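Asker: Please find one structure pasted underneath; my questions will follow.
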Amino acid sequence: MRDATPPPEIAGGAGPHETAAIMAVLDHLAAEEAAARATPASRPRQSSWVLAWRPRQTVAPLPSHNYNAMPWAEVEPAEGLDP
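Quick note on my numbering: the sequence shown kicks off at 2 and runs consecutively.
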């Protein structure tokens, strides 16, 4: 609630306890509204489908010579297997 508006008038046979409860709820709602207005709006979170579509940097695969791999011709066959 804003300070410029007058407090609401509670009518209809509400007793002092009911009136206090209603006023407490209205005060709580006004405090929540003020807190919500005080924080800036955040950007909406994008779904995983949108994030998957976006291009991203990929690391180039390493060439095989960096692994120091042996050529296939130099590999010895396992024992017990017929060539």
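Here a beta-carbon is modelled for each residue, glycine too, at the ideal position from N, C-alpha and C. Values in this document were obtained by computation on a predicted structure and should not be read as measured data.
Go to residue 79, then tell me how far its alpha helix (DSSP H) extends in each direction, as first and last residue.
Answerer: In the DSSP annotation of this structure, residue 79 is not part of any alpha helix (DSSP H), being labelled neither H nor E.
Asker: Cα separation between residue 47 and residue 58?
Answerer: Here the alpha carbon of residue 47 sits roughly 19 Å from the alpha carbon of residue 58.
Asker: Can you look up residue 15 in the DSSP assignment and give me helix, strand or coil?
Answerer: coil
Asker: Please tell me whether residue 30 and residue 9 are closer than 8 Å, where the distance is taken between their beta carbons.
Answerer: no
Asker: What is the DSSP secondary structure of residue 42, counted as helix, strand or coil?
Answerer: Residue 42 falls in the coil class under three-state DSSP.
Asker: Do the CB positions of residue 15 and residue 23 come within less than 8 Å of each other?
Answerer: In contact: residue 15 and residue 23 (Cβ atoms closer than 8 Å).
Asker: DSSP state of residue 20, grouped into three classes?
Answerer: helix
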